[in-house]
Amino acid sequence: MTAPHDPLPSRRLIICFDGTGNEIEQNESNILRLYKCLEHSDTQLVYYVPGVGTTDRARISGHWLEGFRELQGLVFGQGLEANVLSAFEFLCRNYREGDILYFFGYSRGAYTARVLAGFINQFGLVAPHELHLIRPAFRIYRSLTETDPRKAYADLRIQTQFFHMTHPPIRFLGLWDTVSSMIRLRLGAERWIQFGTHASVNENPSVQAVRHVLSIDERRRLFRPQFWEPGPFYGKRKGNAATAEDQDVKQVWFPGTHTDVAGSVSEAQAGLAKVSFVWMREELDALDTPLAFEEELYRRYMLGEPDTVTKEMDLDFVAPNPLSTLHDQLKKNWAWRALEHWPRRNADSSWPDQKSRPGWYRPRGQHRYIAEDADIHPAAFFRRREIKAYDPANLRRFDG
Numbered sequence: 065m066t067a068p069h070d071p072l073p074s075r076r077l078i079i080c081f082d083g084t085g086n087e088i089e090q091n092e093s094n095i096l097r098l099y100k101c102l103e104h105s106d107t108q109l110v111y112y113v114p115g116v117g118t119t120d121r122a123r124i125s126g127h128w129l130e131g132f133r134e135l136q137g138l139v140f141g142q143g144l145e146a147n148v149l150s151a152f153e154f155l156c157r158n159y160r161e162g163d164i165l166y167f168f169g170y171s172r173g174a175y176t177a178r179v180l181a182g183f184i185n186q187f188g189l190v191a192p193h194e195l196h197l198i199r200p201a202f203r204i205y206r207s208l209t210e211t212d213p214r215k216a217y218a219d220l221r222i223q224t225q226f227f228h229m230t231h232p233p234i235r236f237l238g239l240w241d242t243v244s245s246m247i248r249l250r251l252g253a254e255r256w257i258q259f260g261t262h263a264s265v266n267e268n269p270s271v272q273a274v275r276h277v278l279s280i281d282e283r284r285r286l287f288r289p290q291f292w293e294p295g296p297f298y299g300k301r302k303g304n305a306a307t308a309e310d311q312d313v314k315q316v317w318f319p320g321t322h323t324d325v326a327g328s329v330s331e332a333q334a335g336l337a338k339v340s341f342v343w344m345r346e347e348l349d350a351l352d353t354p355l356a357f358e359e360e361l362y363r364r365y366m367l368g369e370p371d372t373v374t375k376e377m378d379l380d381f382v383a384p385n386p387l388s389t390l391h392d393q394l395k396k397n398w399a400w401r402a403l404e405h406w407p408r409r410n411a412d413s414s415w416p417d418q419k420s421r422p423g424w425y426r427p428r429g430q431h432r433y434i435a436e437d438a439d440i441h442p443a444a445f446f447r448r449r450e451i452k453a454y455d456p457a458n459l460r461r462f463d464g
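The numbering of the sequence shown is our numbering, which starts it at 65 and goes up by one.
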């Protein structure tokens, strides 16, 4: 009689989605730093996805076309579907029962991570030999938030009958400043420019824990933060509400612009990004299923601790620094400033007391609204105490 096989040990499957236009050859974001610092092994598989709007053709064709493609990625979500399905394929080919899923993302990549989690919640993973059939299912999922969601849900349920499905829980979403969903044009509609979204990206019962870094100093209107809405965690797509637990969610505000908090700047100016990275690492270490890091590399690369390698190769990695330089794109780029004069409805402002006549206002670099009960990292108050000129309007009513 053949003895039953022992179950294989669980592994950690990690997806890292970079921000719009970010890739390995450019200034490194916290997503790429994370990818490099994590241990890569048979029990911890790590998959990196460059930012939407990144293509070889853009680099070959010149900077203006590269910038245009990055704008497509930011505003219209160009490339988002391909990035989601690339990561989805990796999971379908590698996932086995009991594996633990972790998704990370920055900017549009954070939104992409949430879309992947939402698609898994609504649809699930499939067998590798079924991957060539998945694109129509994803497009039905995308239509769930459009005009006739009932038909879309029915179509999606029909699709699931033809696949070998599994619905794994997602242990952790690590997000750096999620940029709000892309613009969808609706010709003939009352509002022909609308911010589109996907199902289960703001709340998702398949996600157990969320950590979200938010930028205090970002002021561009097209970089609205997309908050997570805490809810129950069922463990899988469907569950018994009586046995559900609360999601473990922390959304914390950090000093710096959208660029600063995730560090797509030069190494010499990445001190603010490393503050938020260290916080994310501490949150991961506190889990009952922490990730494995290359500790020597982490201390050198993220904490700025010199060692024999840095001395022999004359390398200089900065330490986390809440006093590091801010990179305000409104001051550097006239095009971003011009967009701030495009009128918006009062109801679209994040500030609850926004008033102007006749019901429209011009953002003009308005700071993001920070709620009274928000969690603000101590680094923000330290920076305000140490730098007299640092006094963001959204931080003034908070003591610290």
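Even for Gly, the Cβ is constructed at its ideal location relative to N, Cα and C.
Beta-carbon contacts of residue i that lie in its chain and below 7 Å, excluding the five residues immediately before and after
i, result
"residue 195", "153 and 156"
"residue 388", "333, 335 and 336"
Alpha-carbon spacing of residue i relative to residue j, whole angstroms
i, j, result
"residue 129", "residue 239", "For residue 129, the pLDDT reaches just 47, beneath the cut-off of 50, and the residue's location in the model is therefore unreliable, although a value from the coordinates is still provided. Rounded to the nearest angstrom, the two C-alpha atoms are 28 Å apart."
"residue 192", "residue 366", "37 Å"
"residue 337", "residue 384", "7 Å"
"residue 285", "residue 333", "24 Å"
"residue 320", "residue 73", "41 Å"
"residue 390", "residue 327", "11 Å"
"residue 150", "residue 113", "8 Å"
"residue 450", "residue 82", "32 Å"
"residue 308", "residue 297", "6 Å"
"residue 393", "residue 145", "27 Å"
"residue 410", "residue 160", "Any reading at residue 410 must be qualified, since the residue scores a pLDDT of 49, below 50, and its modelled position is unreliable; the value itself is stated next. The alpha-carbon atoms of residue 410 and residue 160 are separated by roughly 49 Å."
"residue 190", "residue 364", "40 Å"
"residue 118", "residue 173", "Confidence at residue 118 is low in this model, with a pLDDT of 46, below 50, so the placement of that residue should be treated as unreliable; the coordinate-derived value is given next. Looking at the two C-alpha atoms, the distance is approximately 12 Å."
"residue 184", "residue 199", "14 Å"
"residue 179", "residue 318", "24 Å"
"residue 382", "residue 422", "49 Å"
"residue 272", "residue 446", "32 Å"
"residue 71", "residue 237", "26 Å"
Contact under 7 Å by Cβ, residue i with residue j
i, j, result
"residue 316", "residue 439", "yes"
"residue 99", "residue 79", "no"
"residue 166", "residue 235", "yes"
"residue 386", "residue 329", "no"
"residue 311", "residue 294", "yes"
"residue 107", "residue 148", "no"
"residue 287", "residue 243", "yes"
"residue 182", "residue 116", "no"
"residue 274", "residue 313", "yes"
For residue i, the first and last residue of its enclosing beta strand (DSSP E)
i, result
"residue 243", "Here residue 243 belongs to no beta strand (DSSP E), and DSSP marks it neither H nor E."
"residue 169", "164-170"
"residue 317", "312-318"
"residue 276", "271-279"
"residue 112", "108-113"
Residue environment, residue i, which counts as buried when at least 16 other CB atoms sit within 10 Å
i, result
"residue 269", "buried"
"residue 281", "buried"
"residue 430", "buried"
"residue 323", "buried"
"residue 93", "buried"
"residue 373", "exposed"
"residue 464", "exposed"
"residue 233", "buried"
"residue 226", "exposed"
"residue 444", "buried"
"residue 442", "exposed"
"residue 355", "buried"
"residue 104", "exposed"
"residue 262", "buried"
"residue 378", "exposed"
"residue 241", "buried"
6 Å Cβ shell around residue i - same chain, five flanking residues per side excluded
i, result
"residue 342", "384"
"residue 448", "454"
"residue 276", "239, 292 and 315"
"residue 89", "A caution first: residue 89 carries a pLDDT of 49, below 50, which makes its placement in the model unreliable, though a value can still be read off. So the list is empty, once near-sequence residues are dropped."
"residue 368", "381, 382 and 383"
Run of the alpha helix (DSSP H) containing residue i, from where it starts to where it stops
i, result
"residue 362", "359-365"
"residue 387", "First-last for residue 387: undefined, no H or E at that position."
"residue 76", "Here residue 76 belongs to no alpha helix (DSSP H); instead the beta strand (DSSP E) covers 76-81."
"residue 153", "144-158"
"residue 197", "Here residue 197 belongs to no alpha helix (DSSP H), and DSSP marks it neither H nor E."
"residue 343", "335-349"
"residue 452", "From DSSP, residue 452 is part of no alpha helix (DSSP H); its letter is neither H nor E."
"residue 326", "322-326"
"residue 94", "94-101"
Sequence-distant residues of its chain with Cβ nearer than 8 Å to residue i (five each side left out)
i, result
"residue 101", "357, 358, 361, 362, 365 and 366"
"residue 120", "For residue 120, the pLDDT reaches just 40, beneath the cut-off of 50, and the residue's location in the model is therefore unreliable, although a value from the coordinates is still provided. The answer is none, since no qualifying residue turns up."
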